[in-house]
Every structure is written in structure tokens, then in C-alpha cells.
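See below for the structure under consideration.
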Ligand code: SF4
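Protein chains in written order, with our numbering: chain A, 15 to 206; chain Z, 4 to 474.
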């Protein structure tokens, strides 16, 4: 994984709350055995009409959305299914961070494993960003702050997750390095 | 020693390395369940990194999400070439890494959360994970069971461990006695309506109280299954004699002296008197009604006799917008009663409600009755064992005689990956767990309810109260 220290990008705003992972990527796209190429299917049922044409009113289809790197969404983003295809699709589309006032647990965990930074802001900062689509934001992992025009807001980020993101470390490597401790635990469990 | 909750006891017993400020805990996983949709990329990572499956004997796989449930369907006679390739990939991966697979067409096959418990692999005090959010189902046995993503499927395959921060605890106490016609499904829909679809975020729920204790194992699984719909990491119910009686009849529960030892440890699992939860909610079980959803998330639920709420009455702008959007999608009017709403399809199945007791419940309503004209009814048993048990009791004939389809086991219209799906605009009463937009087929509209309510809707062709039919 590439190390991430700072993300400087424009936002797209999807104000709905409780956006579930079935909306982020509908189940019919989960028959793939790959991790790549899912950006096409991102928000498919909201993004395209029944003939497969982009719906012009959907935020991701607006001209300003091209090249945006940060998705600002309503509360409880990513609820529902555990499909990691959701962060895969967001990353493949070009998003590098998701901002909300709350993010569902499994989605947050999956996002972290794919270099998609979950940014949880307080209600006031969240409201400001919801109200200013296309804003230029700087997300700094070192200081754990998000800055935009007239706004600097801190966000929580687990120290381990931050360390992994900033150094491009993946968790599997860390777990594999624990194999001695796991052996010992298994031996002790057998003896119990 | 400090009084501990059920969750804390199971957690403590599986900590390989404790969490610190810098690192999460390394938590050992007793049982890893695998299915075709969320595993192929994880096996690829193992190959890329030249890793083995650390404990193949703690890993068990099945085919459920993308398989056809057409009656009499042959193994791999699958119309969708992508789904067929995914299933073949699971078969190859299990062969390569020496994992027990319950493939399509075999006796042990079924929905992943149905087969674990029926085999007796789901046991009190265990940690269980699966690349599937409804892994919370297994918490009904007093296990700590949660869904993970595909990266973590790879972690568990390679190391039999996951990295976790300890969750907070939320006690959901339901006292009283459920009235006739009110089921476990109604109870959990009421809980989610109360705490909200994000209300359990960061928490493990423990369901306590006399109404919970009175539930059978199958009903407890229905409750724990939908913990994720409240955003919870997991849901748990302390094991008791009901749990032990169920387990004693399963093929893979410990036997003989091992059973006695296991039983002694299981009896020590319930939360200690005075153990503290971070939060608590209390619900009066005696006051519960049959519930049904009206919107596009499981928290948008009402008693069956209720009316669709009016967005204009909601002060919070985001909540109002969310309700407006849901009602547009569902094409429902504020103030409209739900009873009497016409429907097109009834789906009885899914890991929430496809066990034998669920099928018995639905059959009790359908026996000697006919499905309303123009309504399609799918009854999809959760596993081959459930299917055989139902057939041995003649339930298949009850369904067929009523005009319902008796299908092969699988996830089916719960996720609509295999051709079982709603047409755009159709209304379904469904015993599954998600009424998200498009979940049961693009443009399809879902009302979530109990098997009794679903069966009553099948007969009436509209949303109906099963208690009226019982009279
Ligand atoms: S029945 Fe539905 S919720 Fe359960 S595992 Fe299958 S797809 Fe998931």
C-alpha cells in the first residue's frame, strides 16, 4: 500500500444519511472474483437510469465531481452488508477519503485496509462541508485534522490505523509477525 | 474479581495479545465460516504472499449467496457464467487449502448462518467470524460472532486471528411475555426501530430479560441475526438450558466427557450479577405488536396496525429528507395505513427466518388456504437439512397445495444475486433482514415482517394481520 500523509482534494456531497453498502455497490456486481474495476458500479442504481445512462442530477455525475477525491456523506455512512467491494468501488472511482458525522463499523474497518481514510467530524463541521459541495479540503493524518476554507476540524483516528496508513503497512503483515504469540496461545488453549 | 459481562468473558478468553494505546488486540478466532462471494480475493492474497491456511480444521465453507434455488436445479447448472465461475473458484480454493466445503447439491449445504448452528459448530463462548455481516446470528448461543470484510477473511485464513479494538456493551432488556402472534422477528424490528439503524455502532448488544429467556434457539438466532441492522458489532444471548438442549442434539457438539467439560465452562459464561454495561435500553415485551417496515432501512418499522409517518412532522432535516426519499421509493403516502397495502410477492426465507420453526409458523397460516391470485410466493428453506425436516413433516405439501413455490436452499431473494428477484416497482412482504433500495431486485420494494405476517399477506394479497386469520 502507498503511504498516505496528506490528502488535498475537492469534495462531492451526498447528503443522505444511512447510505448502505447495497447502494454503494449493488449485490449483482459481487459475482466478480477480482478487486479491481468496480468504480463503474459505484452507486450504480443511483447513478444510472434504467437504460444505463447517467442521471444528470446525481452528485457524482455533475461536472464538478470529475476529479473529486473526497466524498462527504450523511450520518451513518456504509451501514449494512460487510462487502469490501464498497471501499474497492470508492477507491476505484478515485475517492481517497470519506467524511461523515458517523461511519458504520465494518465499512470503516474495510476502508482502512484499502487506503480509504474514514473521517468522522463533529456535527457542526460536518454540516459546513455538507453545505459546500466542491470545497477544497486538506486531510492531514499527521495532525488528524481536516481543513477547508474557514474551517479546521479534528477527527479521531486509531493510532494503529494511522500508523499503517502513514507508512503503507498492511495489517496482514503485522498479524503474520505475531505468529509466535499465536502458537503460544494455541498451546495454552490445548492444555486448558 | 471484577464482575464481567458475557461479552467480556468471551473476549478475555480469546486475547492473544492485549490491546494497547498503539495497537488493537490480537483476538483468536475459533470458527471461520466462508462463502463464495467474499472469499475469492482473500485466497488470492494467500497465494500472492505464499501463506497457508493456519487452521483448515477451524474453517468451513458453503455455497449460498449466488446459487440457484430453482426446484430440482442441478449442480452447477447455473445460467449466470460469472456466478458459476465464482462457485467453481470456491471449490478450487477449498480443495487447494484443504477446507471442508458443503457444496451445492450436498447434504450439508445451506446458508452459512443456518449450517453452523445446525451442525453444532456454533458453540457458547466461541469467537466466530465470517465475511458476512449477519454472522451476528451465532451470538444466540453466547458466542462472540461478527462480520468482517474480505481483507480480514484473509487475515483469519492466514493467522486464525483478527485485530480488534474492544467494543462497548449495550444491554437490550426485554421483559414480559410476547403475546400470541408476536414473534422474535417482531421483537428485533421493535428494538431496531427504537435504537435506530446506527444506534448500536461500536457496541456489542446483549439481549436479556424474561421475554428473551423464553425464546427458543431458533427465535434467538432471528434476534441476534438482525443486531447488525442496528449497526451493532455483534449481538449475544447468554447460554442456558435451552441452548444446551439444542446443542446436545447436534452432530458436532462435544460428546461424552468432553460434553461435561464444555457444559461446565458454558455455565460460567452468563454475565455476572452487577456486571456493568456501557448503555442499556429496556423494552416491554408484553406491549409488542407484530411489526412491519414501511421504508428503506430496517429501522423504519411500525406495528402492523400503524400508519405511514408524515415527514412534515419530523423536525430534524436529515431525518425528514431520509423519510421523504424512502416514501418516494416505496410509493407510499404519509398517513396511509399499512394494513391493506397490495403486494405482488411474498418471500419466506433468509438467514433471519428460514429455519424449521419459521417454516412451521408460515405453514400454520397457509395450511388449508390458498395464495391470493396473482401473488408469487417463494418458500426457501435455509439449508438442505431444514428442507428435509420440513418435507418429513409434510410442510412442503402445505406450501405447494396453497400455491407457493417450494424451492432449494440458499439466500435467494434476500440478496437477489441468483435470478430470484423482484421486478421494478413490485411490492414484497419478506422475512429477510434488509429492505434497502434494490436489495431484492432493482426497483423492488420490500416490507420486512415475520413468517406469520408474510404468510398472512400471501393469503390476502395485501398486508394483513395473521392474528385475524388465526381467529
Ligand atoms: S440470507 Fe441474506 S442476509 Fe443471510 S447470508 Fe444470505 S444474503 Fe446474507
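Glycine is no exception: its CB is placed at the ideal position from the N, C-alpha and C atoms.
Nearest neighbour of residue i, chosen from the options [CA to CA]
i, options, result
"residue 454 of chain Z", "Z:148, Z:408, Z:382 and Z:23", "Z:382"
"residue 63 of chain Z", "Z:456, Z:279 and Z:156", "Z:156"
"residue 175 of chain Z", "Z:214, Z:138 and Z:433", "Z:214"
"residue 465 of chain Z", "Z:377, Z:27 and Z:428", "Z:377"
"residue 220 of chain Z", "Z:446, Z:151 and Z:244", "Z:244"
"residue 216 of chain Z", "Z:268, Z:231, Z:288 and Z:206", "Z:288"
"residue 448 of chain Z", "Z:353, Z:417 and Z:186", "Z:417"
"residue 185 of chain A", "A:55, A:67, A:123 and A:154", "A:123"
"residue 405 of chain Z", "Z:411, Z:386, Z:379 and Z:396", "Z:379"
"residue 26 of chain A", "A:39, A:118, A:80 and A:33", "A:80"
"residue 35 of chain A", "Z:262, Z:371, Z:234 and Z:279", "Z:234"
"residue 343 of chain Z", "Z:462, Z:275 and Z:238", "Z:462"
"residue 151 of chain A", "A:77, A:203 and A:113", "A:113"
"residue 218 of chain Z", "Z:263, Z:237 and Z:177", "Z:177"
"residue 15 of chain Z", "Z:146, Z:437, Z:434 and Z:316", "Z:146"
Through-space distance from residue j to residue i, alpha-carbon basis
i, j, result
"residue 87 of chain Z", "residue 103 of chain A", "22 angstroms"
"residue 189 of chain Z", "residue 149 of chain Z", "22 angstroms"
"residue 91 of chain A", "residue 209 of chain Z", "24 angstroms"
"residue 82 of chain Z", "residue 95 of chain Z", "20 angstroms"
"residue 414 of chain Z", "residue 10 of chain Z", "29 angstroms"
"residue 147 of chain A", "residue 110 of chain A", "16 angstroms"
"residue 451 of chain Z", "residue 107 of chain A", "33 angstroms"
"residue 26 of chain Z", "residue 175 of chain A", "9 angstroms"
"residue 159 of chain A", "residue 166 of chain A", "7 angstroms"
"residue 119 of chain Z", "residue 113 of chain Z", "9 angstroms"
"residue 254 of chain Z", "residue 125 of chain Z", "11 angstroms"
"residue 93 of chain Z", "residue 165 of chain Z", "22 angstroms"
"residue 23 of chain Z", "residue 44 of chain A", "36 angstroms"
"residue 242 of chain Z", "residue 171 of chain Z", "20 angstroms"
"residue 240 of chain Z", "residue 223 of chain Z", "8 angstroms"
"residue 132 of chain A", "residue 325 of chain Z", "22 angstroms"
"residue 134 of chain A", "residue 101 of chain A", "16 angstroms"
"residue 202 of chain A", "residue 373 of chain Z", "59 angstroms"
"residue 206 of chain A", "residue 199 of chain A", "11 angstroms"
"residue 169 of chain A", "residue 162 of chain A", "14 angstroms"
"residue 183 of chain A", "residue 260 of chain Z", "46 angstroms"
"residue 384 of chain Z", "residue 169 of chain Z", "35 angstroms"
"residue 246 of chain Z", "residue 144 of chain Z", "6 angstroms"
Neighbourhood of residue i by C-beta distance below 8 angstroms, restricted to the same chain and skipping five residues each side
i, result
"residue 37 of chain A", "57, 59 and 60"
"residue 338 of chain Z", "310, 311 and 313"
"residue 281 of chain Z", "171, 172, 173 and 206"
"residue 78 of chain A", "24, 26, 147 and 148"
Cutoff 8 angstroms: residue i Cβ touching any chain A Cβ
i, result
"residue 158 of chain Z", "yes"
"residue 44 of chain Z", "yes"
"residue 166 of chain Z", "yes"
"residue 300 of chain Z", "yes"
"residue 131 of chain Z", "no"
"residue 95 of chain Z", "no"
"residue 418 of chain Z", "yes"
Residue i vs residue j beta-carbon contact at 8 angstroms
i, j, result
"residue 31 of chain A", "residue 89 of chain A", "yes"
"residue 97 of chain Z", "residue 107 of chain Z", "no"
"residue 41 of chain A", "residue 419 of chain Z", "yes"
"residue 292 of chain Z", "residue 307 of chain Z", "yes"
"residue 20 of chain Z", "residue 13 of chain Z", "no"
"residue 48 of chain A", "residue 154 of chain Z", "no"
"residue 72 of chain Z", "residue 423 of chain Z", "yes"
"residue 266 of chain Z", "residue 131 of chain Z", "no"
"residue 347 of chain Z", "residue 430 of chain Z", "yes"
"residue 111 of chain Z", "residue 256 of chain Z", "no"
"residue 411 of chain Z", "residue 74 of chain Z", "yes"
"residue 227 of chain Z", "residue 128 of chain Z", "no"
Residues near residue i by beta carbon distance below 6 angstroms, same chain, minus five either side
i, result
"residue 23 of chain A", "83 and 84"
"residue 361 of chain Z", "454"
"residue 298 of chain Z", "329"
"residue 20 of chain A", "154"
Cβ-heavy atom distance, residue i to ligand 3, below 7 angstroms
i, result
"residue 432 of chain Z", "No copy of ligand 3 occurs in the structure displayed; its ligands are ligand 1 alone."
Contacts around residue i, its chain only, beta-carbon distance under 7 angstroms, and the 5 residues preceding and following it disregarded
i, result
"residue 69 of chain A", "61, 62, 63 and 75"
"residue 185 of chain Z", "291, 292 and 293"
"residue 472 of chain Z", "368, 459 and 462"
Proximity test, Cβ basis, 8 angstroms: residue i and chain Z
i, result
"residue 44 of chain A", "yes"
"residue 25 of chain A", "no"
"residue 157 of chain A", "no"
"residue 90 of chain A", "yes"
Near-chain D residues of the stretch 175-203 of chain A - C-beta to any C-beta below 9 angstroms:
No chain D is present in this structure, whose protein chains are A and Z.
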